[in-house]
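Undergrad: Using this note's numbering, the first residue of the sequence shown is number 884, and each one after it goes up by one. I'd like to ask some things about the structure below.
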Amino acid sequence: MLLRFWLIFLLPIALLAAERNILDEEVVNTQQLISEIKRLDKRGGISNSAEVVAHWQQELALIQQRNSRFKGRAACREFAVYAETQEVAERYLKEAQSVLDCYEKLFPRTHFLPASPAQILIYGNEQDYSKYEHIPAGIVGHTHAMRSKKMTIVKRGSLYSIEPVTNSNIKDHRLATYRQDVPYVFAHETSHILTYELVNPGRMSITDVETSLFLNEGLAEYFSAQLYPDGFEKRLEVLRETYGITPQTIESQLKEVALEEQFSKMRDIPLEDYLKRDAYPSGAEILQFYSEATLFVQWLMQLPGGPELVSALLVTPDPQQMEAQLRHHQRKYNLPVTGWAQYQPYRKQVLLTPRKIQAADHAP
Ligand SMILES: [Zn+2]
């Protein structure tokens, strides 16, 4: 009896979820907005209406132009992927599921079952992504979670303004990026969705828990690296280059002592500064930030009970409290109770260890 109850009630929800189409929704919402502006204009409510209508008509044309290119759509209970071809949509749907499998293995608490599938847009190239998503150059992918919003006309005093207004209590995830040969960025962005769920579990939950940018980015990189291990090695290379360490050739392996000396001139990483950053560094420093984050989360995750520790740290607001959490964890797992100090030798050791040159790696 119980089984029948679930079948009857879950089936319609699953069908509804799969049918949602964000491309159509964006067209309908913009059309409705334009009619509403025109309707108010007839009553003399809007002063520069011709300009406003022209702006939104341009937006609408852009959305329609984009939609005419998105010919592929593949969806499951958790994700709906839109892409230029069906083949690409299906490939990225599989990628999303691989990230989810990998994530749920390490964080079984995640249980990603959104009320509506996370909406994923895969553009054909970087230019299209920037153009249609209104994204500044240099950004390669983004994701956000919010309650469903609609651009609506709001009256403020005697003036009208057009603002995004929440129209549903359900949490929506939207991810956009562009197609790449190795979907490293895509895996990174999908991990952000899942980390958001880990911190805000449930279909409606949008808490104001601010996770540390450093941990959040490091964790997203960690999962990309799990699926594409070369990515982690690239992150390490960035750090080695920044610090002038190049233990990559056989000759340099022989000079390990000299490298150790070179490295000893370098300061330990100021972890607390990194952990409390609430904005991205600019310029070349950003790569260093991501690379340090990757290495740090890699260390946390390989500790006994690592994922449990990372889950706890994600919702701890302050670096000092985080260190107290770490000490608690070290005590629980009979590790040396040294706080962050335990990390520094690990970091040095990983950065100093020459990458193994194995002919087998390069064999076809
Ligand atoms: Zn990120």
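Even for Gly, the Cβ is constructed at its ideal location relative to N, Cα and C. Every value quoted in this text rests on a predicted model; they were computed, and no experiment measured them.
Could you name the residues of the same chain whose beta carbon sits closer than 8 Å to that of residue 1124, not counting the 5 residues immediately before and after it, in chain order?
TA: There are no such residues.
Undergrad: Just grab the DSSP bridge partners of residue 1193 for me.
TA: Looking at the DSSP assignment, residue 1193 forms no beta bridge with any residue, so it has no partner.
Undergrad: Start and end of the alpha helix (DSSP H) containing residue 965?
TA: Run containing residue 965: none in the alpha helix (DSSP H); it sits in the beta strand (DSSP E), 962 to 966.
Undergrad: Can you tell me which of the three DSSP states residue 1025 falls into?
TA: The answer is strand: DSSP assigns residue 1025 an E or B state.
Undergrad: Are the Cβ atoms of residue 847 and residue 1022 separated by less than 8 Å?
TA: Shown here, the chain extends from 884 to 1247; a query on residue 847 therefore has no answer.
Undergrad: Compare the C-alpha of residue 1199 against each of 1096, 1104, 1236, 1107 and name the closest.
TA: Closest option to residue 1199, Cα to Cα, is 1096.
Undergrad: With DSSP collapsed to three states, give me the class of residue 1046.
TA: Correct three-state label for residue 1046: strand.
Undergrad: To the nearest angstrom, how far is the alpha carbon of residue 907 from that of residue 1227?
TA: Roughly 51 Å between the two C-alpha positions.
Undergrad: CA-CA distance, residue 1223 and residue 1155?
TA: When rounded, the distance between both Cα atoms is 9 Å.
Undergrad: Please confirm whether any heavy atom of ligand 1 lies closer than 7 Å to the CB of residue 1103.
TA: Indeed, a heavy atom of ligand 1 lies less than 7 Å from the Cβ.
Undergrad: Using 7 Å as the cut-off, classify the Cβ of residue 1071 as near or not near the heavy atoms of ligand 1, replying yes or no.
TA: Checking every heavy atom of ligand 1 against the Cβ of residue 1071, one is found closer than 7 Å.
Undergrad: If you reduce the DSSP assignment to three classes, tell me which class residue 1227 lands in.
TA: Correct three-state label for residue 1227: helix.
Undergrad: Determine the closest residue to residue 957 out of 984, 1004, 985, 913, with distance taken between C-alpha atoms.
TA: Closest option to residue 957, Cα to Cα, is 1004.
Undergrad: When burial is assigned at 16 or more other CB atoms within 10 Å of the CB, is residue 1092 buried or exposed?
TA: Exposed, because fewer than 16 other Cβ atoms sit within 10 Å of the Cβ of residue 1092.
Undergrad: CB of residue 1100 to nearest heavy atom of ligand 1: below 7 Å?
TA: The answer is yes for residue 1100.
Undergrad: Can you tell me whether DSSP reads residue 1204 as helix, strand or coil?
TA: Note: residue 1204 maps to helix in three-state DSSP.
Undergrad: From which residue to which residue does the alpha helix (DSSP H) around residue 1173 run?
TA: Residue 1173 -> alpha helix (DSSP H) spans 1168 to 1185.
Undergrad: In this structure, how does DSSP classify residue 1131 when only helix, strand and coil are distinguished?
TA: In this prediction, residue 1131 scores a pLDDT of 49, lower than 50, which makes its location untrustworthy; the coordinate-derived value is nonetheless stated afterwards. If DSSP states are grouped into helix, strand and coil, residue 1131 belongs with coil.
Undergrad: How is residue 921 classed by DSSP in three states: helix, strand or coil?
TA: Residue 921: helix per DSSP, three-state reduction.
Undergrad: Using 8 Å for Cβ pairs, my map puts residue 1029 next to residue 1045. What's the rounded Cβ distance?
TA: 17 Å between Cβ atoms; not a contact.
Undergrad: So is residue 944 buried or exposed if we call it buried at 16+ other beta carbons inside 10 Å?
TA: Exposed is the call here.
Undergrad: CB-CB under 8 Å to residue 980, same chain, minus the five flanking residues each way: which ones, in chain order?
TA: Closer than 8 Å at the Cβ level, and outside the excluded window around residue 980, lie 959, 961, 962.
Undergrad: Quick check for students: name the residue ranges of the alpha helix (DSSP H) that lie wholly in the segment 951 to 1013, counting only runs of 4 or more.
TA: Counting only runs of 4 or more, we get 969 to 989.
Undergrad: Note down the Cα distance separating residue 1232 from residue 1115, rounded to an integer number of angstroms.
TA: Rounded to the nearest angstrom, the two C-alpha atoms are 15 Å apart.
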